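Here the sequence shown stands for residues 382 to 719, numbered as in my numbering.
We put the beta carbon where it would ideally sit given N, CA and C, even for glycine.
All values derive from a computational prediction rather than experimental measurement.
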Amino acid sequence: MPPTHRVAFLGAGTVGAAAIRRLQNVPGLALSAALVRDLDVPRDLGTRPPRLTTDADAAIAGADVVVDVMGGVEVATELMARAAASGARLVSANKAALAERWDVWGPLVRAGRVGFEAAVMAGTPVVGPLAGALRGSSPIALHALLNGTCAYLIERLEAGTAFDVALAEAQRLGYAEADPALDVDGVDAAHKLTLLARMCALPELAWDEVRRDVRGVRGLGPALVADIAARGARVRLVASLWSDGARWRVAVRPVALPADHALVLARSGKNALLYRGDAVGEVVISGPGAGAEATASGVVADVLDAVAGRPGPVPPERSVPAPAEASAADDFEPIEVA
Ligand SMILES: NC(=O)c1ccc[n+]([C@@H]2O[C@H](COP(=O)([O-])OP(=O)(O)OC[C@H]3O[C@@H](n4cnc5c(N)ncnc54)[C@H](OP(=O)(O)O)[C@@H]3O)[C@@H](O)[C@H]2O)c1
382 MPPTHRVAFL
392 GAGTVGAAAI
402 RRLQNVPGLA
412 LSAALVRDLD
422 VPRDLGTRPP
432 RLTTDADAAI
442 AGADVVVDVM
452 GGVEVATELM
462 ARAAASGARL
472 VSANKAALAE
482 RWDVWGPLVR
492 AGRVGFEAAV
502 MAGTPVVGPL
512 AGALRGSSPI
522 ALHALLNGTC
532 AYLIERLEAG
542 TAFDVALAEA
552 QRLGYAEADP
562 ALDVDGVDAA
572 HKLTLLARMC
582 ALPELAWDEV
592 RRDVRGVRGL
602 GPALVADIAA
612 RGARVRLVAS
622 LWSDGARWRV
632 AVRPVALPAD
642 HALVLARSGK
652 NALLYRGDAV
662 GEVVISGPGA
672 GAEATASGVV
682 ADVLDAVAGR
692 PGPVPPERSV
702 PAPAEASAAD
712 DFEPIEVA
């Protein structure tokens, strides 16, 4: 009999429940426990659910792999660090914790002990390629659409809807959080950009450095979006890493892009990453950036890697120098909002 790997979950909500349903019939896996806040919440965990518990220590005890699908920063980081200290491999969809507590996560990621594909663009592979196939090039720039809620809001503004009305719609449809600030103010995109930039060029990039230049879509209105469209451009919230003349810059901001730009052509509702490398040229990866099943897909892939003993994605050993020449194609036109 092959060994049974015990997999524990911190969280069994939207993403956790979907990952549990997908993993429960994988041979060689035992879903040992799932930490939740409320044992009485109805949830669909399939036919072989893990034991639910509100006791964090009991949840992670004896687990070979611990999966963070609980969200938040401090509690999740503390529990995952404890799981790592007891020898578990880690899987996380939690971009906020990974971005903000690199002091704890950095050493674990560098040791190849953390899978976090689902933390950026859900199940659409971007972390793996940046840590793998794209390492054959030196990065020149990376630009990405990383927040579906902002994409939806911009689409509604393009259709002439007022910002507050569009936001209320997004909340009613379950796209935006009840407190939409993380999405609308660009913080969620900045968390994801931090992870991408670390994997691409700046392994020690601090969250405080990224958050300095973060703007979201609040304040955009249909008139401004229509003006920009009238001159053949389109508004997008873009998270960018680019060279400003031998110095890397990172920012999240609404920009006006030419209507035929690769990030504009990404299908409606999808996230997209445009990577430019010196040897490979331009690579565009586009796909779902959220949703229970799409995110669970990334989590499941990381769990399978962990139990197979394959190392997680590691950042470059040291910072990659920024190209001396700023590239004209990265000279986006940021939109200033009053
Ligand atoms: N939803 C997406 O599309 C998506 C996409 C990419 C990444 N993510 C990331 O995936 C993670 C989970 O997101 P989600 O949408 O699945 O969230 P969610 O539906 O709110 O689920 C969170 C789960 O964690 C549990 N939990 C939260 N805080 C806890 C605490 N202090 N103690 C014990 N249990 C706690 C909750 O318990 P109860 O069920 O009892 O409340 C719930 O089961 C987040 O980091 C999020 O950023 C989500």
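Near residue i, which residues of its chain fall below 8 Å by C-beta distance, leaving aside the five closest residues on each side in sequence?
i: residue 509; result: 498 and 694
i: residue 513; result: 694
i: residue 602; result: 538, 543 and 544
i: residue 599; result: 544, 565, 566 and 718
i: residue 429; result: 405, 406 and 412
i: residue 716; result: 601, 605, 609, 616, 634, 635, 636 and 637
Which term fits residue i, buried or exposed, when burial requires 16 or more other beta carbons within 10 angstroms of its beta carbon?
i: residue 678; result: buried
i: residue 529; result: buried
i: residue 431; result: buried
i: residue 554; result: exposed
i: residue 392; result: buried
i: residue 481; result: buried
i: residue 385; result: exposed
i: residue 423; result: exposed
i: residue 702; result: exposed
i: residue 684; result: buried
i: residue 579; result: buried
i: residue 611; result: exposed
i: residue 686; result: buried
i: residue 546; result: exposed
i: residue 397; result: buried
i: residue 660; result: exposed
Which same chain residues, not among the five before or five after residue i, have their C-beta less than 6 Å away from its C-beta?
i: residue 556; result: 530 and 533
i: residue 402; result: 427
i: residue 495; result: 471, 489 and 693
i: residue 620; result: 525, 527, 570, 574 and 633
Residue j and residue i - do their beta-carbons sit closer together than 8 Å?
i: residue 441; j: residue 450; result: no
i: residue 420; j: residue 433; result: yes
i: residue 617; j: residue 586; result: no
i: residue 624; j: residue 704; result: yes
i: residue 414; j: residue 439; result: yes
i: residue 720; j: residue 478; result: Residue 720 is absent from the structure shown; the chain starts at 382 and stops at 719.
i: residue 511; j: residue 652; result: no
i: residue 584; j: residue 699; result: yes
i: residue 524; j: residue 412; result: no
i: residue 437; j: residue 460; result: yes
i: residue 673; j: residue 395; result: yes
i: residue 561; j: residue 577; result: no
i: residue 614; j: residue 640; result: yes
i: residue 400; j: residue 688; result: no
i: residue 626; j: residue 518; result: no
Establish whether the CB of residue i and some CB of chain D are separated by less than 8 Å.
i: residue 451; result: Of the protein chains in the structure, only one exists, and it is not chain D.
Whose C-beta lies closer than 7 Å to the C-beta of residue i among residues of the same chain, with five residues either side of it excluded?
i: residue 485; result: 458 and 462
i: residue 558; result: 564
i: residue 387; result: 411, 413, 443, 444 and 445
i: residue 454; result: 477, 478, 481 and 482
i: residue 551; result: 530, 533, 534 and 557
* Asked: Would you say the segment 570-585 touches the segment 498-516, given that touching needs at least three Cβ pairs under 8 Å?
  -> Yes, the segment 570-585 is in contact with the segment 498-516.
* Do three or more CB pairs link the segment 405-412 to the segment 461-481 at distances below 8 Å? -> Because the criterion of three Cβ pairs below 8 Å is not met, the segment 405-412 and the segment 461-481 do not touch.
* Asked: Using 8 Å as the Cβ pair cut-off and three pairs as the minimum, do the segment 619-639 and the segment 587-601 touch?
  -> Yes: at least three Cβ pairs fall under 8 Å.
* To do: Please determine if the segment 663-680 and the segment 639-648 are in contact, where contact requires at least 3 C-beta pairs separated by less than 8 Å.
  => Yes, the segment 663-680 touches the segment 639-648.
* Is there contact here, the segment 598-607 with the segment 533-546, by at least three beta-carbon pairs under 8 Å? -> Taking a contact to require three or more Cβ pairs closer than 8 Å, the segment 598-607 and the segment 533-546 qualify as touching.
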